[in-house]
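Right, one structure below, let's go through it.
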Amino acid sequence: MSANSTSIAMEAPVEMQIQEIAFDGQETYAPSLSMSENLTKLAQKIDFAKCGPEEVNKEITEINRNEDEAEQSTAPPIWPWDSVRNKLRNALTEVSVLADLLTIAKGKKYVVLDPVPHDPPELKPMVMVYARKKSFAGAASVLLSGAERLKNSLAEAQKNRTTTADFHIELLRLRQNFRLKKVNNTIIGDLSYFRSSGSKHIHSGTFEVTKSEEEPDKLLSPPCSPNPNSANKLTSALRVTVPGELQGIASIKVYFQKDQDSLYSSNLNTPDTAFSIPEIDWQRKLEVAQNVLFCKEMFNQLAKEAVQLQSPIPHVVVGNQIIASIFPGVQLVICLSHMEMSTDGKASLPPPIPRHDQVLEHTLHQLLRELHEKKNYPLPHPASAPLGPSRKRSCAGPYAMDREEFVEMTESQTMLEQVIQQAQHTQLRDRTLCILDKLATQYKDPLISVHWLWLNSPTYACIKVTIFAQGYDEIYRNLVIIHVYDTYLKCISRDGKVVHLSYESMELKNYILCQICRHQIMAVQYLAKSMGWQCVANSFNLGSGTLIETFGNASSCILVSPVGDRLISIHCDQNSRVQVSVAQTPRKDFFPGQLVKERKWENLGNSFKEVQWEKMIGKNFLSKMELLMTSLTSSWMQ
Amino acid sequence: MAMAQQTVNTAIDSLTAALKSNIIPNQEYFLQGSILDSSVEVLLHRLRGLCDNVDTNLETFHDHEMCFSIRGPNNTQPLQLRVRRSLDHNGMPMQLRYIGQPEIGDKSRPTVLRNSIDIGTSNTVVEFLTELGCRKDFEYSAKGYMFRKGRMKITVFKVFKIDETRKMMSSGGFDALSPLTHSYLVELSVLAPSGQDAIADDMRCFAEQLRPLVQLEKIDYKRLVHGP
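First to last, the sequence lines map onto chains C and B.
Just so we're aligned, residue 1 is where the first sequence starts under UniProt numbering, counting upward by one.
Just so we're aligned, residue 1 is where the second sequence starts under UniProt numbering, counting upward by one.
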C-alpha cells in the first residue's frame with residue numbers, strides 16, 4: 001500500500017430488506033443475510049453458460065475474497081460451494097447424458113432424432129397479405145422494365161432490317177473476308193493477296209471503308225443467304241472506296257487471229273452508247289477489284305515472258321495486247337480488257353472480241369495459280385532440314401541424281417510457252433477435225449468413220465480413223481491412228497508405218513487419200529482371195545500422173561481367176577475413180593503369124609478391155625468387183 | 001581421264017567459290033520458348049493467322065532424332081552430330097546436322113546465332129557414323145506442327161521419350177511414346193549465310209507478336225547447366 005492511499009471499508013448497507021408492510025404501517029424487515037448466505041446468493045447468480053475463464057477467475061477471486069472474509073467472520077462454515085458444486089455436477093451429468101445420447105443417435109440403431117413440431121406462430125393475415133403484395137409489386141416492376149427494354153430493341157431491329165443494316169455488323173462481315181486495319185480515323189482494307197498465296201507481284205491494293213450517311217438507298221449489302229433467288233433488298237450502311245486503277249471490271253480475253261484480219265475494223269464498230277454499271281454490293285465490288293488486280297498481274301507476267309522468250313517469230317507486246325504467233329499466219333492474241341469507269345460514272349464498252357476462247361482463259365488462270373503455288377516452297381521433312389529447296393531437289397543429293405537429271409529438273413516452261421502450246425494443239429485439232437469431216441462427207445464409197453478417244457490432255461488427242469466399204473467391213477478394214485500433238489501429227493497405219501505430219505492440213509488430206517486408195521486395192525485383194533482369185537501384181541504408189549490434183553495416190557492390182565483364164569486389172573486413183581479392165585487367156589483371136597508361129601503363144605492372153613464401170617450393177621466398188629469376179633469365174637464352168 | 005580431272009577441278013573450284021562468296025547458309029539464327037499443353041491451341045490459331053499459306057491445312061511432322069558424338073584422338077571436346085529422320089514422310093532423305101556453339105551475344109543481338117551445317121543423306125548414315133566410331137548419346141522423338149513466314153520457320157512440337165524395350169517391335173517403338181513434359185517447345189529459326197544480321201530484327205518483331213502467349217527469347221544453356 002502506497003502512502004497516499006486510503007483504506008476504505010466496504011460494508012453492505014445496514015438497511016434491511018423490507019419483507020412486509022403491515023396495514024398499520026409497521027415494516028417487517030427481512031433478516032439480513034449472513035455472509036455465507038450472501039455468498040450463496042451471489043454464487044447462484046453466476047451464469048455458467050455466459051462467463052469466460054477470466055471472468056470466472058475474476059469471480060472466483062471475488063468469491064475467494066468473500067470466502068476469506070467469511071472465514072474470518074465467526075459463522076461456522078457450511079460449504080458455500082456446495083450449490084455451485086451441485087450445479088456443476090448436474091451440468092456435467094446432463095452434458096454427459098447428452099453426449100451419450102448424441103453418440104447413440106449418431107449410430108441410428110437404437111435412437112433416432114425426430115424434429116419436435118413447434119406450435120405454429122401466430123398468424124397475422126392482413127400483414128402478410130400486404131407484405132406479399134409489396135414484394136410482388138417490386139418483382140413485377142423489374143420484369144416490366146426489362147420487357148419494355150426488349151420490346152424497344154426488337155422494334156428498332158425490325159425497323160432496321162427492312163431498311164439499313166447496322167454499320168458494325170456489316171463491318172464484322174467485311175472483316176471475315178478481308179484484312180482491315182484502323183489508321184487514325186479511317187479504316188483501311190487490304191486487297192492484295194501476295195502474302196497468302198505466294199505471288200511475287202507486290203501491288204498495294206487498299207480500299208477505304210466509310211459509313212454511308214448520304215444516299216443510303218444506293219448502296220447494297222451482300223445477301224445473307226447464298227440463295228441466288230432471294231431478292232436483295234437490303235441497303236448497306238457501309239461504303240467501300242476502291243482505288244481508281246482497280247475500279248471497273250477486267251478480264252483476260254484470248255482469241256485467234258489470222259494474218260489477213262485485223263482488229264482495227266472492229267474498232268470502228270464501237271458503239272457510242274455507254275451504260276452504267278449497276279450498283280453491286282460491297283462484297284462483289286471488292287471481289288471484282290481483286291479480280292482486276294489478278295488480271296493485271298497475269299498480264300504483267302505474260303508480257304514479261306513474251307519479251308524474254310526467244311521464238312522464231314518474235315512476240316509483240318502492244319498496249320494491252322500480246323500477240324504471239326503459233327503457226328505462220330495464225331496468231332494468238334491475249335488482251336487485258338479493262339472496262340473502266342469514266343468520270344461521269346458511265347462506262348464505255350471495249351471493242352467486241354471475236355470468238356473469245358474461254359478454255360484458254362481458264363488455262364491462264366490455272367497456270368498463274370500454279371505459279372503461285374510453286375513459289376510456296378513445301379515445308380521440309382524432317383523439320384530441321386533447310387526451308388528452301390523443293391522436294392525433288394532436296395532428294396537430289398542423297399539419291400545421287402546425275403547432272404542431266406538435275407538440269408532437267410530446273411528447266412520448266414513459262415506460262416506463255418504453255419499457253420502457246422495449248423493454243424497450237426487446239427488449232428491443230430480443229431484443222432484435223434475439219435479435214436476429216438470434209439473427207440468423210442465427200443467420200444461415200446469407202447466409208448470413213450472417225451472416232452476420237454475421250455482420254456486426252458490439253459496438248460494431246462488421239463483419233464482412230466476406219467476406212468471400210470459398206471457391207472464388206474468384215475473382209476477388210478483399214479485403220480489409221482492419228483496422234484495429235486501440238487505442232488505435228490503422228491499417223492500410224494495398219495501395216496505399222498509411222499508418219500509424222502506437220503501442221504499443214506493438206507498433208508493430212510494427202511495421207512488419208514492415199515490410205516483410201518490403198519484400202520480399195522487391199523480390199524479387192526482380200527475379196528479376191530475369198531473368192532478363189534489370186535493377186536498377181538499390185539502397186540500402191542503409182543503417183544498422181546499428170547492430173548491437176550496433186551493429192552492422193554493411185555494404186556493398182558492385177559487379179560487372175562482361179563483357173564487362170566481371166567485377168568482383171570484394177571486401177572484406182574485418188575478421186576476414187578476406178579478403171580477396171582479384163583483380159584482373157586488363151587486369146588480367142590490368135591492367129592499364128594510370121595513371127596509368132598506356135599500355138600502355145602495364145603496362152604499369153606490378149607489385151608485388156610475396159611469395163612464400163614458405171615453400168616455395172618452394184619452398190620459400191622467392192623460389190624461391183626464381186627459381181628465381176630463371179631461372172632468371170634462361172635464362165636469357165638460352162 | 002584428263003577431262004574427268006578437269007571436271008573434278010571445276011567442281012572443287014565452284015565449291016570453294018561458293019564458300020567464299022557467302023551464299024551457303026551455314027548460320028542459324030534462332031529463338032526458343034515453351035508453352036503449356038493447355039494453351040497450345042490458342043498459339044496454333046494465332047500462328048495460322050500470322051504465317052503464310054492460309055488456305056492449306058496445318059502441317060504436322062513426326063521426327064526421330066539421334067545424337068552421336070565422337071571423341072578426337074587427343075581427348076579433346078567430343079564432336080556432336082545429329083541425325084534426324086522423318087517418320088511420316090518415308091521417302092524424304094535423312095538429315096545429318098552439325099550444330100556449333102551458340103553465341104548468345106549481348107542485348108544488341110536479338111537472337112542466338114550458331115553455326116549449323118545440314119546435309120541430306122541416304123538411309124545408311126547411321127551405319128556410317130557407327131563405323132567411323134561415333135557413339136549414340138541419346139535419341140528422342142519430336143511431334144508437332146510447322147509454319148513458315150517468309151524465310152522464318154516456326155515449329156511447335158512436343159518431345160517424346162522412346163521406349164527402349166519396345167524398339168524391337170515392327171513399329172520401332174514409336175507408337176507408344178511418353179512425353180517428357182506437359183508443354184510444347186516453340187522454336188523460331190532462320191538459316192542464312194553469315195553476315196545477314198538484319199533477319200534477326202525481323203525475327204524479334206515476329207516474336208513480339210506472339211508475346212503474351214509464348215515468350216521467345218535467347219536461352220543460354222550454359223547457365224542452365226551450371227545453375228542450382
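Note that beta-carbon positions come from the ideal geometry of N, C-alpha and C, so glycine has one too.
Compare the Cα-Cα distances from residue i to each of the options and report the closest residue.
i        : options                                   : result
Ile18/C  : Glu11/C, Gln26/C and Ala12/C              : Gln26/C
Glu361/C : Met415/C, Ala469/C, His315/C and Leu309/C : Met415/C
Lys588/C : Pro382/C, Ala396/C, Phe551/C and Arg566/C : Arg566/C
Ser530/C : Gly319/C, Glu626/C, Asn575/C and Ala139/C : Glu626/C
Asp259/C : Val292/C, Glu305/C, Ile323/C and Ser251/C : Ile323/C
Ile326/C : Ala49/C, Ala423/C and Leu293/C            : Ala423/C
Asn553/C : Phe540/C, Val560/C and Leu559/C           : Phe540/C
Val484/C : Gln470/C, Asp495/C, Ala537/C and Val465/C : Val465/C
Arg82/B  : Thr426/C, Cys434/C and Ser384/C           : Ser384/C
Phe570/C : Trp613/C, Gly543/C and Phe167/C           : Residue identity differs from the one stated: residue 570/C is Ile in this sequence, not Phe. If we check each option's Cα against that of Ile570/C, Trp613/C comes out closest.
Gly33/B  : Lys222/B, Pro212/B, His226/B and Lys149/B : Pro212/B
Pro78/B  : Asn115/B, Ser39/B, Arg135/B and Arg114/B  : Arg135/B
Ala192/B : Arg151/B, Glu127/B, Asn57/B and Arg204/B  : Arg151/B
Leu367/C : Met401/C, Arg239/C, Phe294/C and Cys395/C : Phe294/C
Thr181/B : Val112/B, Leu188/B, Lys158/B and Lys222/B : Lys158/B
Glu170/C : Gly138/C, Thr210/C, Ser153/C and Ala140/C : Thr210/C
Would you call residue i buried or exposed, if buried means 16 or more other Cβ atoms sit within 10 Å of its Cβ?
i        : result
Met128/C : exposed
Ser135/C : exposed
Gly345/C : Here Gly345/C scores only 47 on pLDDT, less than 50, and its place in the model should not be relied on; the value that follows carries that caveat. Burial call: exposed.
Leu628/C : buried
Phe468/C : buried
Cys434/C : exposed
Lys205/B : The sequence given here places Cys at residue 205/B; Lys does not occur at that position. So Cys205/B ends up on the exposed side.
Gln301/C : buried
Ala131/C : exposed
Lys143/B : buried
Gly205/C : buried
Glu305/C : buried
Leu489/C : buried
Gly120/B : buried
Gln95/B  : buried
Pro115/C : exposed
Can you grab the Cα-Cα spacing for the pair residue i / residue j, in whole Å?
i             : j        : result
Pro110/B      : Leu216/B : 10 Å
Val596/C      : Ser607/C : 16 Å
Trp282/C      : Pro179/B : 50 Å
Leu143/C      : Ala157/C : 21 Å
Arg391/C      : Pro380/C : 8 Å
residue 243/B : Lys218/B : What is shown of chain B runs 1 to 228, which leaves residue 243/B out entirely.
Arg84/B       : Asn123/B : 11 Å
Lys497/C      : Thr130/B : 60 Å
Trp533/C      : Ser561/C : 5 Å
Ala523/C      : Lys509/C : 21 Å
Ile199/B      : Leu47/B  : 19 Å
Gly593/C      : Ser449/C : 56 Å
Thr343/C      : Ile334/C : Note that Thr343/C scores 49 on pLDDT, short of 50, meaning its location in the model is unreliable; the coordinates nonetheless yield the value given after this. Near 27 Å, if we compare the C-alpha coordinates of Ile334/C and Thr343/C.
Gln321/C      : Leu36/B  : 58 Å
Ile252/C      : Phe207/C : 23 Å
Glu602/C      : Cys535/C : 22 Å
Asp24/C       : Met16/C  : 19 Å
Asn177/C      : Ile154/B : 25 Å
*Cβ pair count under 8 Å reaching 3, the stretch 471-481 of chain C against the stretch 536-550 of chain C*: no
*Does the count of Cβ pairs from the stretch 83-90 of chain B and the stretch 153-164 of chain B closer than 8 Å reach three?*
no
*So does the stretch 363-375 of chain C actually touch the stretch 308-319 of chain C, counting three or more Cβ pairs closer than 8 Å?*
no
*Enumerated in chain order, which unbroken segments of the beta strand (DSSP E) with a length of 3 residues or greater are wholly contained in the stretch 3-62 of chain B?*
Runs of the beta strand (DSSP E) inside the stretch 3-62 of chain B: 27-36.
*Quick check: the stretch 506-513 of chain C against the stretch 427-440 of chain C, are there 3 or more CB pairs under 8 Å?*
yes
*Entirely within the stretch 117-151 of chain B and at least 4 residues each: give me those alpha helix (DSSP H) ranges in chain order.*
125-132
_At 4 residues or longer, what runs of the alpha helix (DSSP H) sit wholly inside the stretch 537-566 of chain C?_
none
*Pick out the complete alpha helix (DSSP H) segments inside the stretch 283-322 of chain C, 4 residues or longer, and give them in chain order.*
none
*asked:* Just to confirm the assignment: which complete beta strand (DSSP E) runs, minimum length 3, are found wholly within the stretch 438-501 of chain C?
replied: 446-452, 461-469, 477-484, 489-492 and 498-501
*If you scan the stretch 160-189 of chain C from start to end, which runs of the beta strand (DSSP E) of 3 or more residues do you find wholly inside it?*
Listed in chain order, the complete beta strand (DSSP E) runs (minimum 3 residues) inside the stretch 160-189 of chain C are 179-183.
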